[in-house]
Amino acid sequence: MKKLFLTITLVATSVALNAQSVKLQSAISDSKNDRLDKAKANIDEACEHEGTKDDPKTWRYKAEIYYKIGTTTKDKFKNLDPNAMQVAYEAAAKSIQLDTEKEFFNNNYATIKNITVYYYNQGVDGFNNKDYNLAMSAFEKVGNMSKTIGDAKGMGDGYYNAAVAAEQLKDKEKAAKIYNELVKINYANPNVYAIVYQSYKDSKETDKALAVAEKSAAVGEKLQAQPKQPGKTVVTYVYYFPLLDAYFSAGNTAKAEEIITKILETEPNNPDVLNKIGSVLEGAGKADEAKAKYEASLLLKAEQYEANYNIGAWFFNRGVDKMEEANKVPLSDKTGAYDKLKAESIKYFNDAVPYLENSLKYK
Numbered sequence: 113m114k115k116l117f118l119t120i121t122l123v124a125t126s127v128a129l130n131a132q133s134v135k136l137q138s139a140i141s142d143s144k145n146d147r148l149d150k151a152k153a154n155i156d157e158a159c160e161h162e163g164t165k166d167d168p169k170t171w172r173y174k175a176e177i178y179y180k181i182g183t184t185t186k187d188k189f190k191n192l193d194p195n196a197m198q199v200a201y202e203a204a205a206k207s208i209q210l211d212t213e214k215e216f217f218n219n220n221y222a223t224i225k226n227i228t229v230y231y232y233n234q235g236v237d238g239f240n241n242k243d244y245n246l247a248m249s250a251f252e253k254v255g256n257m258s259k260t261i262g263d264a265k266g267m268g269d270g271y272y273n274a275a276v277a278a279e280q281l282k283d284k285e286k287a288a289k290i291y292n293e294l295v296k297i298n299y300a301n302p303n304v305y306a307i308v309y310q311s312y313k314d315s316k317e318t319d320k321a322l323a324v325a326e327k328s329a330a331v332g333e334k335l336q337a338q339p340k341q342p343g344k345t346v347v348t349y350v351y352y353f354p355l356l357d358a359y360f361s362a363g364n365t366a367k368a369e370e371i372i373t374k375i376l377e378t379e380p381n382n383p384d385v386l387n388k389i390g391s392v393l394e395g396a397g398k399a400d401e402a403k404a405k406y407e408a409s410l411l412l413k414a415e416q417y418e419a420n421y422n423i424g425a426w427f428f429n430r431g432v433d434k435m436e437e438a439n440k441v442p443l444s445d446k447t448g449a450y451d452k453l454k455a456e457s458i459k460y461f462n463d464a465v466p467y468l469e470n471s472l473k474y475k
């Protein structure tokens, strides 16, 4: 009698397992034949049953079915699940977790990659419509989902755009947090390092600022060492500017000069580079050296805004300095110092005019 009971129990269990296996197979068939409502019902049951809920294949197909629901153009299927894309991602992620043999990794990778494209487009729409909350949310999902499949570029691009959206929302704390994460993963975008560097510099966290500047230069060197691809230009010199500024700020002129030399070795005739170097020099109090770089830039490209404006501003600021000196001369002074300084000030202002006019012309 006991043997009969055990046999009946085993048969019943086998029937139940086979039934759930049938649910999975039915879901796959329904998905292939675009019966998404039935596919959803069957796969949901398969995902809950003891016999199939720990099978990576079950979750791989749940991801595929829900992705189809999220992208369908058929009205009768559109509202099967308003959160279909998120469910699809979570299903694919679970399949990856369960799939120790990586049997379905390529399928799950493709599904998640397609989902990130969906959210990326959603983020772009958010930017275009100035809906920065939508943009931030969508791009953060792109970053998180790309991280699941080890897509470093997708992760970096997603997080970077999320940070830009956070800045548009004036959420400085959120933006700073994301930018710092991007620095940690060596994201290849010079703006990231420049922003984080400047933030630490402004808050007087010199050691952290220098560390970020050094990391920026290291990323630039790595990119510079990579083989050049036909038709693709990789700009690397901008990665060195935080370190250049850090050295000047620390009074380490020798190191700063080494960085300038390194930059000019790769970009000797680039007017934009000369302008940027000039700006850093001016910020470091090296006004005459800065002016020389602006003039060199102008020789390479006369019809430009930046160098014309920088030289014009250089003369104008000198004029302001001379006028302030003149105003400090005591009224009792009989040496003519006031008139001399005022004349020098006016000359500087006059010298500034043609450059500033050209800057407006080429803006």
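Under this note's numbering, think of the first position of the sequence shown as 113, with each following residue one higher.
Yeah, the Cβ is synthetic: ideal placement off N, Cα and C, and Gly gets one too.
These numbers come from a predicted model, not from an experiment.
Pairing A362 with L386 gives a Cβ-Cβ distance that is not under 9 Å. Taking 9 Å as the cut-off, the beta carbon of A175 is found no closer than this to the beta carbon of A158. Its Cα nearest to that of K169, the residue F217 stands out among T183, F217 and P194. In the assembly as shown, N470 is a buried residue. Its beta-carbon has 16 or more other beta-carbons within 10 Å.
The beta-carbon separation of V254 and T212, rounded to 27 Å, does not stay under the 8 Å limit for a contact. Around the CB of V304, 16 or more other CB atoms lie within 10 Å, so the residue is classed as buried. Ranked by Cα distance from K334, the options A306, P302 and Q310 are led by P302.
Fewer than three Cβ pairs drawn from the stretch 278-289 and the stretch 314-324 lie within less than 8 Å of each other, which leaves the two stretches out of contact. Just so you know, the alpha carbons of A277 and N245 end up roughly 7 Å apart.
Nearest neighbour of N381 by Cα position, chosen from K403, L410 and L393, turns out to be L410. When the beta-carbon positions are compared, G424 and A399 stay at least 9 Å from each other. The alpha-carbon of A402 is positioned some 47 Å away from that of Y230. The alpha-carbon separation between A358 and N226 amounts to approximately 42 Å. Between M267 and S258 the beta-carbon gap is near 4 Å, inside 8 Å, which marks them as a contact. Contact between the stretch 422-436 and the stretch 445-459 is present: 3 or more CB-CB pairs across the two stretches fall below 8 Å.
Per the C-alpha coordinates, the member of V346, E326 and Y406 positioned closest to A368 is E326. Per the C-alpha coordinates, the member of K446, F353 and P194 positioned closest to I307 is F353. Between T260 and I208, the C-beta gap is smaller than 9 Å, which places the two residues in contact. In this structure, DSSP gives D187 a helical state, which the three-state scheme calls helix.
A Cβ-Cβ separation of about 7 Å places Y299 in contact with Y272 under the 8 Å criterion. Counting the other Cβ atoms within 10 Å of the Cβ of T447 gives fewer than 16, which makes it exposed. Its chain contains F353 as the residues whose beta carbon lies nearer than 7 Å to that of K388, once the 5 sequence neighbours on both sides are disregarded; these appear in chain order. Take the alpha-carbon of L281 and the one of N429: they are about 35 Å apart. According to the DSSP assignment, L335 belongs to the alpha helix (DSSP H) that extends over T318 to A337. The C-alpha of W171 is placed about 19 Å away from the C-alpha of N145.
With respect to the 9 Å criterion, Y349 and G332 are classified as neighbours on the basis of their beta carbons. As summarised for the stretch 213-271, there are no continuous beta strand (DSSP E) elements at least 3 residues long confined to that stretch. For A200, the enclosing alpha helix (DSSP H) begins and ends at A196 to L210. Here Q137 is exposed: its Cβ has fewer than 16 other Cβ atoms, across all protein chains shown, within 10 Å. Between the alpha carbons of D193 and I181 lies a distance of about 7 Å. With fewer than 16 neighbouring CB atoms inside 10 Å of its own CB, Q338 falls in the exposed class.
By the C-beta density criterion, E252 is buried, having at least 16 other C-beta atoms within 10 angstroms. L355 is the residue among V347, Y351, L355 and Q341 whose C-alpha sits nearest the C-alpha of A323. Taking C-alpha positions only, I371 is separated from A204 by approximately 47 Å.
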